[in-house]
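Report on one structure; see the data block that follows.
Numbering (the UniProt record's numbering), first residue to last: 1 to 356.
Right, dumping it as structure tokens:
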């Protein structure tokens, strides 16, 4: 359509046409092709304030693509599920948690290292919710991550997404942890005296872990060191003659598992409990048991553990009461003397006691 009253400044032709190029309106000379006026891509702010956003998929007809970071995170979650041989339902749930987490503002500005661990946390949460026995240490070893950092991200994920994560059953954890031991089949790496029946060892380890729970050794502590110490004592007690000389570190090497640093302390605490229980059996008092020889009698002690624990703790309470009875809780002379400061107070105290 020609624009009336205007001519081309180049050739003087009056044949000017309005031509729409994409979203711009242009005034073009039909004779020489000169562009007389060109529209602006952008308008003023007052013109744009009444506009509305158009979704990417509506403007281009294509679906939004995930960022490279999210794609890599999803692949990392899927690979981790395959390594752990988790069911497909677990993988789908973990991926959905990861997609929710990366869209949450709390995880937008975290470091790349934390974003890489976020997928592992989603897998860990999924396993816990489905009562699948998986420890934080296993995930951290697969991701080469520090447990302190992983635990912090796990707590943040649980809080920000409002996820309910049930506690892990110790019985399931014992079974899963012992499944990784290499002591149940004959091989070149495992000496013949070290091979043990799996069912017997799992049953004895469960009894020792229950004993640890009844004596408050489990509360507030990482479960893997306790399970490792209990498995070691169970393994020794099943064939004590050939295994008493084997230390905990060699046992872990033969089993093909890592030795947690607190396991030595948990082993010492379990042996102390067993010795206190053994002191309540009359026929064991004559043997003068120590931390090595008491292992031979673990089967008998576990068979009567409720009775022996009750007696052991009752005797301890009576001894504490007798120790506090003479003074009835009053401070003794050494305690009074430490509060005396001046010579006058010392002389007055000596005179009251009848000292020379």
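Using N, Cα and C, we set each Cβ at its ideal position, and we do this for glycine too. Computed from a predicted model, the values in this text were never measured in an experiment.
Local Cβ density within 10 Å of residue i, reported as buried at 16 or more and exposed below that
i           : result
residue 77  : buried
residue 164 : exposed
residue 97  : buried
residue 11  : exposed
residue 219 : exposed
residue 256 : exposed
residue 155 : exposed
residue 194 : buried
residue 88  : exposed
residue 335 : For residue 335, the pLDDT reaches just 47, beneath the cut-off of 50, and the residue's location in the model is therefore unreliable, leaving the point undetermined.
residue 123 : buried
residue 71  : exposed
residue 107 : buried
residue 217 : buried
8 Å Cβ cutoff met for residue i and residue j
i           : j           : result
residue 295 : residue 206 : no
residue 81  : residue 94  : yes
residue 221 : residue 166 : no
residue 199 : residue 183 : no
residue 277 : residue 305 : yes
residue 90  : residue 120 : no
residue 266 : residue 229 : yes
residue 270 : residue 312 : no
residue 125 : residue 157 : yes
residue 13  : residue 7   : yes
residue 133 : residue 79  : no
residue 170 : residue 83  : no
Whole-number beta carbon distance between residue j and residue i, since they are thought to touch under 8 Å
i           : j           : result
residue 177 : residue 224 : 7 Å
residue 248 : residue 259 : 7 Å
residue 117 : residue 74  : Actually they do not touch by this definition, with Cβ atoms about 15 Å apart.
residue 302 : residue 289 : Not a contact, Cβ separation roughly 15 Å.
residue 28  : residue 17  : 5 Å
residue 281 : residue 244 : Between residue 244 and residue 281 the Cβ distance is about 20 Å, and since that is not below 8 Å, they are no contact.
Residues near residue i by beta carbon distance below 7 Å, same chain, minus five either side
i           : result
residue 174 : 202, 205, 206, 209, 227
residue 297 : 278, 284
residue 31  : 8, 11, 13, 15
residue 299 : 237
residue 137 : 147, 224
Cut-off 6 Å between Cβ atoms - residues of its own chain near residue i, not counting five sequence neighbours on either side
i           : result
residue 114 : 153
residue 273 : 215
residue 293 : none
residue 140 : 147, 150
residue 145 : 117
residue 246 : none
residue 9   : none
residue 240 : 295, 296
residue 242 : 193
residue 262 : 225
Proximal residues to residue i (C-beta, below 8 Å), its chain only, five neighbours per side dropped
i           : result
residue 190 : 182, 183, 254
residue 161 : 97, 100, 101, 104
Curious, which full-length beta strand (DSSP E) runs of at least 3 residues does the segment 201 to 226 contain?
-> none
Would you mind listing the beta strand (DSSP E) stretches within the segment 133 to 169 that are 3+ residues and don't spill past its ends, in chain order?
-> none
Secondary structure, beta strand (DSSP E): runs of 3+ residues fully inside the segment 64 to 123 = Runs of the beta strand (DSSP E) inside the segment 64 to 123: none found.
Which full runs of the alpha helix (DSSP H) of 4+ residues lie inside the segment 231 to 267, going along the chain?
-> 240 to 243, 248 to 255
Curious, which full-length alpha helix (DSSP H) runs of at least 4 residues does the segment 266 to 306 contain?
-> 282 to 285, 298 to 303
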